[in-house]
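This report concerns only the one structure given below.
In the working numbering, the protein residues as written are 4 to 292.
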């Protein structure tokens, strides 16, 4: 809940990242960059929030569609932060520029803890509500906006093939068990379906992750059916989760009712993850409107 000092915020510390994490606040001089580094979103010392395309000014936060301008809270310093919406506090012009987002599915306070902003390679700036539907590794944080091995629905894990991320991997083993391994093959999570006749492990289009025996008899499932558009993700920190991302604002192409289309951006910067196959892919998700 916002008080006289504004909503609770965390100081942003990762200049050059494409992502402004939930409740993070940028100070003048800090910036985000698209993964390709073509686009740069800079909070300038003059308190303009400006997007540059290879050094040329492309956009400034000022009176844009689906935004609003209010009076700033006196006790909040000059900054730009994401708290469900994007908020630019600019005392030099006596303004508080805000994005006008799609209505939160629960409350703004709850959504603020999972909503982040990203700068994309197409120059769009998108705010995304990232809901964790199932978490197989609750002791490991789900990092919003992180690169990951992404299994969109429908995706079937190839039996015996490890999918690596960071210091671990997920494998549908020959014995029928699905295991998320950490360092030295320590078990972070498992379906415990070994020696039960499992024949396939599928992340389904309905958002459910299921291990099947013959004749499509389910042996284990994540209990997340009915959430189309979700994806199964293994992050480099070892987190294995089913996540549903919903864009709630964008610089261009956005309206409160339009449905965005996912784009999968492979991360080819690491020789370990340089495949071109679209499913699964190691990388991150972008959006088209």
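Cβ coordinates follow ideal geometry from the N, Cα and C atoms, glycine included.
In the three-state reduction of the DSSP assignment, residue 132 falls in the strand class. For the options 99, 14, 213 and 145, the alpha carbon positioned closest to that of residue 30 is the one of 14.
In this structure, residue 200 keeps its C-beta atom at 7 Å or more from the C-beta atom of residue 241. Going by DSSP, residue 115 is part of the alpha helix (DSSP H) stretching over 111 to 115.
Taking a C-beta distance under 7 Å as the contact criterion, residue 253 and residue 129 qualify as a contact pair.
Rounded to the nearest whole angstrom, the C-alpha separation of residue 285 and residue 147 is 15 Å. DSSP, read as helix, strand or coil, puts residue 93 in strand. Counting only unbroken stretches of 3 or more residues, the beta strand (DSSP E) elements lying wholly within the stretch 188 to 220 are 190 to 193, 201 to 206 and 212 to 216, in sequence order. If you check the CB distance, residue 84 and residue 12 come in under 7 Å. With a threshold of 16 other beta carbon atoms within 10 Å, residue 188 falls short and is exposed. Ranked by Cα distance from residue 23, the options 216, 168 and 117 are led by 117. Beta-bridge partners of residue 243 (DSSP): 237. At a Cβ-Cβ threshold of 7 Å, residue 230 and residue 136 count as neighbours.
Between residue 26 and residue 86 the beta-carbon gap is near 6 Å, inside 8 Å, which marks them as a contact. In this structure, DSSP gives residue 186 a helical state, which the three-state scheme calls helix. Here residue 102 is buried: its Cβ has 16 or more other Cβ atoms, across all protein chains shown, within 10 Å. Positions of the beta strand (DSSP E) runs, each at least 3 residues long and wholly inside the stretch 20 to 98, are given as 27 to 29, 34 to 36, 42 to 46, 52 to 56, 59 to 63, 70 to 73, 82 to 86 and 88 to 93 in order along the chain. With a contact defined as Cβ atoms closer than 8 Å, residue 156 and residue 233 qualify at about 7 Å. Checking the DSSP bridge columns, you'll see residue 181 partnered with 175. In chain order, 183, 184, 185, 186, 191, 237 and 241 place their CB closer than 8 Å to the CB of residue 171, counting only its own chain and leaving out the 5 sequence neighbours on each side. Residue 220 is not a Cβ neighbour of residue 204, given a cutoff of 7 Å.
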